[in-house]
Amino acid sequence: MHVTILGIESSCDDTSAAIVRDGKVLSNVVAGQEVHKQYGGVVPEVASRAHQVHIVPVVAIALQQAGLRREDVDAVAFTRGPGLIGSLLVGVSFAKAFALSRGLPLIEVNHLQAHVLAHFAEAPKPSFPFLCLTVSGGHTQIVLVRNYLDMEVLGSTIDDAAGEAFDKTGKLLGLDYPAGPHIDRLAQQGTPRFDFPEPQIPELDFSFSGLKTSILYFLKKEMAANPDFIQENLADICASVQARIVSILMRKMEKAAQQTGIREIAIAGGVSANSALRKALEMSGKEHGWRTFIPRFEYCTDNAAMIALTGYYKHLRGQFVGQEVAPVARWSM
Amino acid sequence: MALLLLIETATDICSIGISDGTQLLALRESDAFHEHAARITGMIVACAEEAGVPLSALDAVAVSTGPGSYTGLRIGVSTAKGICYALQKPLIAVDTLQVLALATAHLEKRPALYCPMIDARRMEVYAAIFDADNRLIQPAAALRVEENTFADYFAKEQAIVFSGSGAEKCKAVLHSPLAHFSPVLCSAAHLMPLANAAFAAKTFADVAYFEPFYLKPPNITTPKKGLW
Chain C
1 MHVTILGIES SCDDTSAAIV RDGKVLSNVV AGQEVHKQYG GVVPEVASRA HQVHIVPVVA
61 IALQQAGLRR EDVDAVAFTR GPGLIGSLLV GVSFAKAFAL SRGLPLIEVN HLQAHVLAHF
121 AEAPKPSFPF LCLTVSGGHT QIVLVRNYLD MEVLGSTIDD AAGEAFDKTG KLLGLDYPAG
181 PHIDRLAQQG TPRFDFPEPQ IPELDFSFSG LKTSILYFLK KEMAANPDFI QENLADICAS
241 VQARIVSILM RKMEKAAQQT GIREIAIAGG VSANSALRKA LEMSGKEHGW RTFIPRFEYC
301 TDNAAMIALT GYYKHLRGQF VGQEVAPVAR WSM
Chain X
1001 MALLLLIETA TDICSIGISD GTQLLALRES DAFHEHAARI TGMIVACAEE AGVPLSALDA
1061 VAVSTGPGSY TGLRIGVSTA KGICYALQKP LIAVDTLQVL ALATAHLEKR PALYCPMIDA
1121 RRMEVYAAIF DADNRLIQPA AALRVEENTF ADYFAKEQAI VFSGSGAEKC KAVLHSPLAH
1181 FSPVLCSAAH LMPLANAAFA AKTFADVAYF EPFYLKPPNI TTPKKGLW
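Residue numbers (our numbering), protein chains in the order written: chain C, 1 to 333; chain X, 1001 to 1228.
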């Protein structure tokens, strides 16, 4: 007997649907929203409206790519939160109506738990227990993963997410949104010769808002002396900012590994595409004898495969919700 | 006879009905604030049970397009799409204001103009004007209603019947003796005549790409040009 899960994700600006059968990803379709580029960030109302025209096509294509029909779906898993409420409403309402119409059980999924379980989309997969650093435009946290559905957040950001630090720096430097890929590319041609202070945050928590402020003051000061400072030093500024963001992340990861004694170390979320972070993880891994894991890019950014996968593990344990479920903007794991 | 599911979520009232082409078989309404998303499918189940028809027996799903609450419309339209896509049923889109004008005309039976109004926060309403035969006279717009907003009509001795969730707050500023106020509010029950007509004419909306009638573009504050 197969178990086939339709996963639906609409927490931010990507509309996604995926089919997972018996824990294996058969399709993973994402409709992005280029429209936000011109605004320098995700505009919630624009995102919500785009989800409304993307939701049926992504589900239809996900089924088609999986070679399955509507009748083959056994359960519907959907992102209940955290995320933008208008965006979530579209995916959640569609998922509920689809499940109701076909008499299927519903599975609510926490978006952050799903990012961690994206590691089980394909081999190599970490073994339990492992530590996962989830870094994206909206989230930065270290998660202790004891089992598929047994996770504990060991530390998280007290202000901005790491991805936000990239985006806000990009705004200061006049780079397009999202700025992460631009900074990554420019940094490869520069040297990290400018020193931005590392925030002193206790335990395993993070802070990135101070970094943004110190970059702003640094640029203001330098530009008073040389109005062309940014253009003349763009690559070096990018390399310096990126090096600091990565060092903040890695220092806490090393601390978490030391405290827990765990040597299975994973990264998830959109920022895990960053080449400096990948390199730093590899270096630390060699130094400390870690096994390290980074999913392929399509499973790092927001995607429904991770939602359907999480749905699969919840299905095995009979963790369903009723039709009265509604989305939530904030939802801790 | 077309068996239709009727969805009206353009206002603070979440309203669901099932009709068989001539009469309403079931109706469920809830004005619980911010509860549309949680309640809508449960109300659909309750209607289907009362009407004694499974969702698979529906001929189509009719949804109120707006203008209205963005949140309400998102929930109503996404739910309608979910059912239509899952069961391969056609989608019927009916204009919220036209529906409201028609329902008000049916009740009031006056040889007047009809101005359905949907509350749009602050002093704004989404409104349009229809004649007594439900023909559009003035297209939908977001209006900040003042004493003179309808002065041209009143000057021509044309009476206007105002109804809907936005009418009540305009009472205080519309003093003309030609202004009448009707208590009719948005309800799935009112969707019936226009939804039946659309079904008979096979006027269906595209299940994949249909969008609610938002009326206004998203409110976007453009970033300051250049930080330096």
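Glycine is no exception: its CB is placed at the ideal position from the N, C-alpha and C atoms.
- Short of 8 Å from the beta carbon of Asp1131/X, and not among the five residues preceding or following it, lie these beta carbons of its own chain, in chain order: Leu1113, Tyr1114 and Ile1137.
- Taking 4 residues as the minimum length, the alpha helix (DSSP H) runs contained wholly in the segment 263-310 of chain C are 275-288 and 297-300, in order along the chain.
- With a threshold of 8 Å between beta carbons, Gln323/C makes contact with chain X.
- Annotation for Ser214/C: the continuous alpha helix (DSSP H) segment containing it runs Ser209 to Ala225.
- At a cut-off of 8 Å between beta-carbon atoms, Tyr1085/X makes contact with chain C.
- Taking C-beta separations shorter than 7 Å and ignoring five residues to either side along the sequence, the partners of Gly40/C in its chain run Lys171 and Tyr177, following chain order.
- With its beta carbon at least 8 Å from every one in chain X, Leu68/C lies outside the interface.
- Following the DSSP letters along the chain, one finds Asn110/C in no alpha helix (DSSP H) but inside the beta strand (DSSP E) bounded by residues Leu106 to Asn110.
- Every unbroken stretch of the alpha helix (DSSP H) spanning 4 or more residues and falling wholly within the segment 1040-1100 of chain X is given here in chain order: 1070-1087.
- Between Ala95/C and Val58/C, the beta carbon gap of about 12 Å keeps them out of contact (Cβ cut-off 8 Å).
- Among the residues facing chain C, Thr1079/X is included, as its CB has a counterpart in that chain under 8 Å away.
- Contact annotation, Ile307/C with Ala18/C: C-beta distance approximately 7 Å; criterion of less than 8 Å satisfied.
- Residue burial annotation: Phe297/C is exposed, with fewer than 16 other C-beta atoms found within 10 angstroms of its C-beta.
- The beta carbons of Gly83/C and Ala329/C sit about 7 Å from each other, so the pair counts as a contact at 8 Å.
- When Glu122/C, Arg49/C, Asn147/C and Ala243/C are compared, the shortest CA-CA separation from Gly190/C is found for Ala243/C.
- Taking each of Ala225/C, Glu9/C, Phe196/C and Phe166/C in turn and checking the Cα distance to Ile183/C, the smallest one comes out for Phe166/C.
- Ranked by how close their Cα comes to the Cα of Ala1086/X, the residues Arg263/C, His111/C, Glu152/C and Arg102/C have Arg102/C in first place.
- Within the segment 1039-1066 of chain X, the residues whose Cβ lies closer than 9 Å to any Cβ of chain C are, in chain order, Arg1039, Ile1040, Thr1041, Gly1042, Ile1044, Val1045, Leu1055 and Ser1056.
- Among the residues of chain C, those whose CB is under 7 Å from the CB of Asn1219/X are Glu45, following chain order.
- Per the C-alpha coordinates, the member of Glu1168/X, Arg1028/X and Ile1220/X positioned closest to Ser1019/X is Arg1028/X.
- Scanning Ala99/C, Phe128/C and Asp74/C for the CA closest to the CA of Arg21/C turns up Asp74/C.
- Listed along chain C, the residues sitting closer than 9 Å to Val1207/X by beta-carbon distance are Val56.
- Within the same chain, and ignoring the five residues on either side of Ala257/C in sequence, the residues whose Cβ sits closer than 8 Å to its Cβ are Leu131, Arg263, Ile265, His288 and Trp290.
- Using a 10 angstroms sphere on the CB of Pro1212/X, the tally of other CB atoms reaches 16 or more, which defines it as buried.
- In the pairwise beta carbon analysis, the segment 1144-1152 of chain X is classified as not touching the segment 1188-1206 of chain X: fewer than three pairs are separated by under 8 Å.
- Within chain X, no C-beta atom comes less than 9 Å from the C-beta of Gly7/C; the nearest is roughly 15 Å away.
- For Arg330/C, the closest Cβ of chain X is not nearer than 8 Å.
- Not flagged as an interface residue toward chain X: Pro199/C, since no C-beta distance is shorter than 8 Å.
- One finds nothing in chain C with a Cβ atom closer than 9 Å to the Cβ of Arg1121/X; even the nearest lies about 14 Å away.
- For Gly1017/X, the enclosing beta strand (DSSP E) covers residues Cys1014 to Ser1019.
- Per DSSP, reduced to three states, the secondary structure at His1180/X is strand.
- For Lys255/C, there is no enclosing beta strand (DSSP E); the enclosing alpha helix (DSSP H) covers residues Phe229 to Thr260.
- Residue contact check for Tyr1070/X against chain C: a CB pair falls below 8 Å.
- One Cα belongs to Gly155/C, the other to Gln33/C, and the distance between them is close to 31 Å.
- Spatial neighbours of Thr1104/X in its own chain (CB-CB distance under 7 Å, excluding positions within 5 residues in sequence) are listed in chain order as Tyr1114, Pro1116, Val1161, Ser1163, Ser1182 and Val1184.
- Under a 10 Å Cβ-count criterion, Asp150/C is classified as exposed, with fewer than 16 other Cβ atoms of the shown protein chains found around its own Cβ.
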